[in-house]
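Q: Okay, here's the structure, questions in a sec.
Chains as they are written, first to last, in this note's numbering: chain A, 1 to 229; chain B, 1 to 229.
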């Protein structure tokens, strides 16, 4: 990767800009000690359902699929709860908090690069959380997999910002915390930075390694501004 | 589902006929108390890699992908081991044991129906384990996703036994323990029996429920032989 060749930076949303742990307080409130296994299984099923529905050719949008994953996880763990609780949890997806450094880092990166979001989430979810955090103004565009009713890591999805920003994929740096997403974007042909927010995480064995490994977005800004890598 | 209309029964392999727990003794021998988390993560990644590689259009066969999943799981859990141990574990995939009732049930079912296997596994893996258990003679055919380099739950894969056995999908009963596979086959249009080997397991929230839920293959034979459902 030649950092002088990068024209646009495209960010994944969940786990990358927005912290899913924003749900933890509500989950703990409603489920006590069951909150942690519920959160883990919910997130895992949410991902699995994007992949399985893509393969089955049975698209369902991210909000509804996230509800299905919550229903599965609660059923599997033997938990039951009222519709109002489900709705409260789903509503939180419209106003997830960013990780602490995201606002400042985006401001710095925005002065040098075109910025965009590419996510499996519905556009209204993404707009909701960017506005909630006051970071909406930094993005030239927000791309949702929902536009083409396909999920990452299908190559068509990574094509969205290439077409939308009119920038070749070799000039795009894609940034994600999610290891499968890193492999998907790299397989598609983008430059890829992996945010290793969890120091114990490892890359996937899918044959595609990131060009850059960083701990957070401030470090991305630093690395792009220097020739440190 | 009209049981009088069933002409052929097609079985998934891993978890359905063959018990992955056949690996447990070796895993315990090599990894002690790390064996259980390693086995769980290995199996999960093995599945994920079939799905992710399908979506990325980066096919790799099941044996090699199973090695990759083992490498990921050991890396993630901070375990290291020699190539000889990896090879010993992979070799076990060629001679997995069946669940206890499988041999007797297949013999009974074989007298009434055409039987086949449809699996993501390489054909040599499937032949190895059927021969190891002396059940090879019960099957009219063994279909491997490897033939078309696509994995379940892509519809093309479920089409293999339809074309091979020359039986319409409405006359096929597909049998699987794997809940995502149950949804995939049902979405494709087959009749589906779910073997609920784990009493705590639940079906996926993917919009497709099995026609029949059984505890093991003897119960499948019983249910097909009677009008109990």
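Glycine included, C-beta positions come from ideal geometry on N, C-alpha and C.
No experiment lies behind these values; they were computed from the predicted model shown.
#1: Exposed or buried, what is residue 174 of chain B when buried is set at 16 or more other beta-carbons lying within 10 Å of its beta-carbon?
#2: Counting only Cβ-Cβ distances shorter than 9 angstroms, please list the residues of the segment 199-210 of chain A near chain B, keeping chain order.
#3: Tell me which same chain residues have a C-beta within less than 7 angstroms of the C-beta of residue 163 of chain A, skipping the five on either side of it?
#4: By the 10 Å Cβ neighbour count, where 16 or more other Cβ atoms means buried, how is residue 91 of chain B classified, buried or exposed?
#5: Following the continuous alpha helix (DSSP H) through residue 162 of chain B, name the residue where it begins and the one where it ends.
#6: Distance cutoff 9 angstroms, beta carbons only. Does residue 16 of chain A sit that close to anything in chain B?
#7: Residues of the segment 67-100 of chain B in Cβ contact with chain A at a cutoff of 8 angstroms, in chain order, please.
#8: For residue 229 of chain B and chain A, any beta-carbon pair shorter than 9 angstroms?
#9: With distances taken Cα to Cα, identify the nearest neighbour of residue 233 of chain B among B:60, B:177, B:76.
#10: For residue 185 of chain A and residue 158 of chain A, which I take to be in contact (beta-carbon distance under 8 angstroms), what is that distance rounded to the nearest angstrom?
#11: Along chain A, which residues have their Cβ under 9 angstroms away from the Cβ of residue 51 of chain B?
#12: Are the segment 60-74 of chain B and the segment 204-221 of chain A touching, with three or more C-beta to C-beta distances below 8 angstroms?
#13: Relative to the alpha-carbon of residue 116 of chain B, which residue among B:86, B:154, B:166 has its alpha-carbon at the smallest distance?
#14: Just how far apart, CA to CA, sit residue 194 of chain B and residue 211 of chain B?
#15: Is the shortest distance between the beta-carbon of residue 155 of chain B and the beta-carbons of chain A less than 9 angstroms?
#16: Taking Cβ-Cβ distances shorter than 8 angstroms, what residues in chain A pair up with residue 180 of chain B?
#17: Compare the Cα-Cα distances from residue 122 of chain A to each of A:93, A:15, A:140 and report the closest residue.
#18: Starting from the beta carbon of residue 184 of chain A, find every residue of chain B whose beta carbon is closer than 8 angstroms, and list them in chain order.
#19: Please report the straight-line C-alpha distance between residue 57 of chain A and residue 20 of chain B, rounded to a whole angstrom.
#20: Name the chain B residues that come within less than 7 angstroms of residue 317 of chain A, Cβ to Cβ?
#21: By the DSSP assignment, the alpha helix (DSSP H) with residue 192 of chain B in it spans what residues?
#22: Assuming residue 178 of chain B and residue 15 of chain B make a contact with CB atoms under 8 angstroms, what is their CB distance in whole Å?
#23: Decide if residue 114 of chain A is buried, meaning its Cβ has at least 16 other Cβ atoms within 10 Å, or exposed.
#24: Which residues mark the beginning and the end of the alpha helix (DSSP H) in which residue 182 of chain A is found?
#25: For a cutoff of 9 angstroms on Cβ pairs, would you count residue 151 of chain B as touching chain A?
#26: Taking the alpha-carbon positions, what's the residue 96 of chain B to residue 64 of chain A distance?
#27: Using only alpha-carbon positions, find the residue among A:105, A:85, A:129, A:142 that is nearest to residue 31 of chain A.
#28: Does the beta carbon of residue 169 of chain A sit closer than 9 angstroms to a beta carbon anywhere in chain B?
#29: Spell out whether any CB of chain A is found under 9 angstroms from the CB atom of residue 45 of chain B.
#30: Quick one: grab the DSSP three-state call for residue 118 of chain B.
#31: For the beta strand (DSSP E) containing residue 212 of chain B, list its first residue and its last residue.
A: Taking the definition as stated:
#1: buried
#2: 200, 201, 202, 203, 204, 205, 206, 207, 208
#3: Excluding sequence neighbours, residue 163 of chain A sits near nothing in its chain.
#4: exposed
#5: 155-165
#6: Answer no: the Cβ-Cβ gap between residue 16 of chain A and chain B never drops below 9 angstroms.
#7: 68, 69, 71, 72, 75, 76
#8: With a pLDDT of 47 at residue 229 of chain B, under the threshold of 50, the predicted position of this residue should be treated as unreliable, and no value is reported.
#9: Residue 233 of chain B is absent from the model: chain B starts at 1 and stops at 229.
#10: Going by Cβ atoms, the distance from residue 185 of chain A to residue 158 of chain A rounds to 6 angstroms, so yes, they are a contact pair.
#11: 48, 51, 52, 54, 55
#12: yes
#13: Of B:86, B:154, B:166, the residue nearest in Cα terms is B:166.
#14: 8 angstroms
#15: yes
#16: Below the 8 angstroms Cβ cutoff, chain A contributes 48, 52 as neighbours of residue 180 of chain B, in chain order.
#17: Looking only at A:93, A:15, A:140, the smallest Cα-Cα distance to residue 122 of chain A is reached by A:93.
#18: 52, 55, 56
#19: Whole-angstrom Cα-Cα distance: 29 angstroms.
#20: The first residue shown for chain A is 1 and the last is 229, placing residue 317 of chain A beyond what the model contains.
#21: First-last for residue 192 of chain B: 191-195, but that is the beta strand (DSSP E), not the alpha helix (DSSP H).
#22: 6 angstroms between Cβ atoms; contact.
#23: It is buried - the Cβ of residue 114 of chain A has at least 16 other Cβ atoms within 10 Å.
#24: 179-188
#25: Interface residue, yes.
#26: 39 angstroms
#27: A:85
#28: no
#29: yes
#30: strand
#31: Unbroken beta strand (DSSP E) run through residue 212 of chain B: 212-214.
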